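Notes to accompany the following structure.
Residue numbers (this note's numbering): 353 to 1100.
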């Protein structure tokens, strides 16, 4: 396999101790706020003054506010660029995005700022002309000329109306004497003075209009529209003429001399349209000019504010375009980076999408795809080869793990390179503890066997206080020796047991034959000649008793030999284990009152499928050994023998016998071997017989030290396996089938 490369993350790049971006952003915001306050105060100072603010001042304020605004837009674009870069696979902290945003922003902001300032100055300069004093004076002079020309025309009709009213006032007394003559006079006055309409009337709010005479009088509705009550009141109050102008006529209302309650109305269509248009146009122009003067500063500020907004909008569009262009440029690079990281992670099938352009990036993408294709092919070949090696290694490891023999491969320096679990167990080292350690430090006996140069040897090692015998085979290779060793301790023990069993059988057969005649002869001698011997002479009696006693001892020894050589077949029935334990303790409790005997059991006590006689014999022997161990102590006070019965329902039954005797001998691993004893009068067959009984009952027996001094014997029985051997009411098993055979058959 190709080792994956470590991707270079942003965290691995060097960073500055202090990031200036937040400080710059805060500084720009503060500058923008300061410039805004300065602009507001400058505008507030010019609030009461008429006219426009100086164009250079406004242009300078616009530039001052644009600078932090554009800078803030660029910083916002920078943050957006960095966030987009953080979501992409390229990394790099978004520097490419930031650079493109900066370039586009500067490219757009410099000309837009110059353009905005130029437009502001030009617009304000042109606007300043229309609100300047010269423009105001010229406009005022023009409006004065217009008003004077209008006034001259109006003055003509006012003079004509005044002269006519004076003349008619002089002739007014004749109206009652000769109305027709007065009407002719009114008509002539009207025509001679180039007037078209004339009406002599009076007005009272209660009675309304009263017409005395008229010439071409307009309709009553039109007359009432032209001559209003307000006009009459003004003429009466000022005793002067009131003029009205519309598009159809020019009319004048004049009080008659010496008759303030009588008024003369004259009207003409001459110059009416001209005067009306000039009057209203002049009024509209004056109003518009005055409104323009009033709105000049507002328009100035709005126009500059619009320029400010447009400039920021253009810069914002430029930033957006920069972000879009940066994404477009970075996308193929990001695809390359993502594919490269996938390859670095072991995915050789990673490819860059087919480039849409045939530029340099597209060429790089094609080259990358060719490279990854070759890497994938080579990696597939390597994976296949490694898979075959792994399969072979797994097979070898499986074979080595399933082999009971220990296998150790060493280097030339005899350092262990390979070891199976059996080697760990046989050499007393926890899993994996052999690899990398010299053989001499683990097992000097094996290192000495390699020095001997033989291919096979028998080695004894001591591990955790237990002696083990190993059959070692040494295979020498160029890379170093390979050791294969089996634990033959049990095999040798079985061989010794078999040999001792045969010896015991032969000895028992040879010794048992003459014992009975010897005992019978000694008893007959005692009966026949015991009475003839003098009473004071005890020699004969002691000799015959000695012969009988020794023959009894020999008979018991022969019985033990016979029991060890061939144990009787056990009869398995469910028995109360508590009764058997009590009997074993009771016999010794009566014989040894100085020792405290204790039986601990659960309630109810466990039941066990077993041969009650053999289990009783085994427990009696174990308790007997415990008592003898206590008696062998120099001081035996306060000693005890404790038997504990425990049960794991349906699985195991455990019997633990603990004493406070002298403890286990040095060769504790051999105490169950035949004829292995530490007592002078012992035969060495007691524990061997017990061990054989335990094995016949599908159990194990272990020995350990008692923390309070003495020995702990633990007997564990497989209750499930024994339950399968329960014979119930049957007496014996079929001939030729021992309990171990039946146990094996039941497990199968």
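For glycine and all other residues, C-beta sits at the position ideal for the given N, C-alpha and C. This structure is a prediction, so every number in the text was calculated from the model and none was measured.
Proximity below 9 Å, CB of residue i to CB of residue j
i            : j            : result
residue 427  : residue 467  : no
residue 1045 : residue 956  : no
residue 1063 : residue 978  : yes
residue 594  : residue 570  : no
residue 1070 : residue 972  : no
residue 930  : residue 877  : no
residue 618  : residue 603  : yes
residue 421  : residue 384  : yes
residue 1068 : residue 1055 : no
Segment limits, alpha helix (DSSP H) that includes residue i
i            : result
residue 397  : 373–397
residue 1038 : 1038–1048
residue 539  : 531–544
residue 581  : 581–590
residue 1072 : 1071–1075
residue 982  : 964–983
residue 1016 : Run containing residue 1016: none; DSSP gives neither H nor E here.
residue 773  : 773–778
residue 1103 : Missing from the structure shown is residue 1103; the chain here goes from 353 to 1100 and no further.
residue 1005 : Not the alpha helix (DSSP H): residue 1005 falls in the beta strand (DSSP E), residues 1004–1011.
residue 577  : 572–578
residue 839  : First-last for residue 839: 833–839, but that is the beta strand (DSSP E), not the alpha helix (DSSP H).
residue 925  : Note, residue 925: premise wrong, no alpha helix (DSSP H); beta strand (DSSP E) at 925–928.
Enclosing beta strand (DSSP E) for residue i [first to last residue]
i            : result
residue 795  : Premise fails: residue 795 is in no beta strand (DSSP E) and is neither H nor E.
residue 1052 : 1051–1057
residue 595  : 594–597
residue 615  : 611–620
residue 552  : 549–556
residue 1000 : 992–1000
residue 562  : 560–567
residue 758  : 758–762
residue 606  : 602–608
Cutoff 9 Å: residue i Cβ touching any chain D Cβ
i           : result
residue 509 : Note that chain D does not occur in the displayed structure, where there is just one protein chain.
Residue i beta carbon near the ligand HEM (any heavy atom closer than 8 Å)
i           : result
residue 553 : Absence of the ligand HEM from the depicted structure is noted, as is the absence of any ligand whatsoever, leaving it without description.
Straight-line gap, residue i to residue j (C-alpha atoms, nearest Å)
i            : j            : result
residue 970  : residue 774  : 33 Å
residue 455  : residue 461  : 10 Å
residue 612  : residue 396  : 57 Å
residue 533  : residue 527  : 8 Å
residue 464  : residue 663  : 6 Å
residue 728  : residue 458  : 46 Å
residue 683  : residue 448  : 12 Å
residue 687  : residue 378  : 36 Å
residue 557  : residue 581  : 8 Å
residue 1080 : residue 959  : 14 Å
residue 842  : residue 826  : 22 Å
residue 615  : residue 609  : 9 Å
residue 673  : residue 733  : 48 Å
residue 964  : residue 1059 : 31 Å
residue 560  : residue 502  : 33 Å
residue 870  : residue 803  : 59 Å
residue 1098 : residue 967  : In this prediction, residue 1098 has a pLDDT of 33, which is less than 50 and means its spatial position is unreliable; what the coordinates show is noted afterwards. Distance between the alpha carbons of residue 1098 and residue 967: 21 Å.
residue 381  : residue 711  : 42 Å
residue 731  : residue 844  : 54 Å
residue 981  : residue 888  : 42 Å
residue 511  : residue 607  : 13 Å
residue 892  : residue 1017 : 43 Å
residue 389  : residue 433  : 31 Å
**Request:** Answer yes if the region 738–745 comes into contact with the region 785–799, meaning at least three C-beta pairs across the two stretches below 8 Å, and no otherwise.
**Result:** no
**Request:** Pair every Cβ in the region 698–707 with every Cβ in the region 668–680, then say whether three or more of these pairs are closer than 8 Å.
**Result:** no
**Asked** Is the region 1004–1012 touching the region 978–993 in the sense that three or more CB pairs, one from each, lie closer than 8 Å?
**Response** yes
**Asked** Are there three or more Cβ pairs, one per stretch, closer than 8 Å when the region 758–766 is compared with the region 833–842?
**Response** Taking a cut-off of 8 Å on C-beta distances, the region 758–766 touches the region 833–842, as three or more cross pairs fall below it.
**Message:** Within 8 Å, do at least three Cβ pairs link the region 712–728 to the region 742–749?
**Reply:** no
**Item:** Stretch-stretch touch, CB-based, cutoff 8 Å, three pairs: the region 936–948 with the region 889–904
**Value:** Counting Cβ pairs under 8 Å, fewer than three are found: no touch.
**Prompt:** Is the region 578–592 touching the region 651–658 in the sense that three or more CB pairs, one from each, lie closer than 8 Å?
**Reply:** no
**Prompt:** Is the region 510–530 touching the region 574–581 in the sense that three or more CB pairs, one from each, lie closer than 8 Å?
**Reply:** no
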